[in-house]
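In full-length UniProt numbering, the protein residues as written are 1 to 289. C-beta: ideal position from N, C-alpha, C; glycine also. As structure tokens, the structure follows; a few thoughts come after it.
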């Protein structure tokens, strides 16, 4: 019995010595194994309940802003990130890890990772700017570097863009700040679409008004045109090549942001309708405004 008690006491002494073992100094304080273990346990506890906290914050903010998705998302993310940073500081304080270690750790990361850290910080700051200024919002249709898609998520590090082919593209926040971005839905969802169409000289015997009526009829049957809005047709050029018209109409880009689909259906409708009248096309070009 005496040997068992002696063994337990020896193990306790060894464990206590290990628990108080000094690893390295920071800001004139010795960091021990106990400091690290307590900090890790507190951090794991925080990670476990962070999702529950995020949901509570999101529900509270959503209620305060009457379900405004954009404001709810931005404010809940900022609050959640702030709470997590505060929790890390509290965990360090409870574990008796001095705050000076943050500066030392930041310097070590900057030295070790170099430009990688710089890029991460740039994206972080850019993400905060996007959330505060809101040049784009979740659900917006944007175009960046020739890619068109709907903004699914705006995060601190990047935004997620869903393309018309159902691909999700992660775009760093700094790319949105530093590059030209077209926000098709910044003011409203209406995009004006323009078609240039030329009829050869052989068709100029037709009355221009008659051609304009036929073009309006062709376009009015398309399903992506805003209802109760008539297309506008203009005669813009008369020369040896024939008659050139512009057709303009509005579409709701949130209902259909696939410009290739629009162009395809538009071309087919114009070609089929004019073919029924035995009218030959010389030139057809589509462009969004």
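State the DSSP-derived secondary structure class of residue i, mapped to helix, strand or coil.
i: residue 239; result: strand
i: residue 149; result: strand
i: residue 199; result: strand
i: residue 246; result: strand
i: residue 90; result: helix
i: residue 292; result: What is shown of the chain runs 1 to 289, which leaves residue 292 out entirely.
i: residue 185; result: coil
i: residue 138; result: coil
i: residue 207; result: coil
i: residue 175; result: helix
i: residue 256; result: coil
i: residue 59; result: helix
i: residue 124; result: helix
i: residue 265; result: helix
i: residue 276; result: helix
Round the Cβ separation of residue i and residue j to the nearest angstrom and send it over; I've been treating them as touching at under 8 Å.
i: residue 169; j: residue 147; result: 6 Å
i: residue 219; j: residue 269; result: 7 Å
i: residue 262; j: residue 189; result: About 14 Å; that fails the 8 Å criterion.
i: residue 57; j: residue 79; result: 5 Å
i: residue 177; j: residue 161; result: Contact flag wrong, Cβ pair sits at about 15 Å.
i: residue 153; j: residue 138; result: 7 Å
i: residue 217; j: residue 273; result: 7 Å
i: residue 200; j: residue 242; result: 5 Å
In chain order, what residues of the same chain lie with their CB nearer than 8 Å to the CB of residue i, ignoring the 5 residues before and after it?
i: residue 124; result: 156, 157, 173
i: residue 181; result: 135, 136, 142, 143, 144
Leaving aside the five residues before and after residue i along the sequence, list all residues of the same chain whose C-beta is less than 7 Å from its C-beta, in chain order.
i: residue 185; result: 140, 141, 253, 254
i: residue 234; result: 245, 246
i: residue 236; result: 244, 245, 246
i: residue 91; result: 39, 42, 43, 46
i: residue 166; result: none
Per DSSP, which one or two residues make a beta bridge with residue i?
i: residue 191; result: 251
i: residue 292; result: The first residue shown for the chain is 1 and the last is 289, placing residue 292 beyond what the model contains.
i: residue 154; result: 159
i: residue 75; result: DSSP lists no partner for residue 75.
i: residue 234; result: 246
i: residue 143; result: 148, 182
i: residue 225; result: 251
So, for residue i: in the same chain, excluding its five sequence neighbours on each side, which residues have a beta-carbon less than 6 Å away from its beta-carbon?
i: residue 250; result: 190, 192, 226, 229
i: residue 77; result: none
i: residue 232; result: 248
i: residue 149; result: 161, 162, 163
i: residue 271; result: none
i: residue 52; result: none
i: residue 126; result: 173, 174, 177
Please decide whether residue i counts as near chain D, where near means a Cβ-Cβ distance under 8 Å.
i: residue 264; result: Structure shown: chain D not included; a single protein chain is present.
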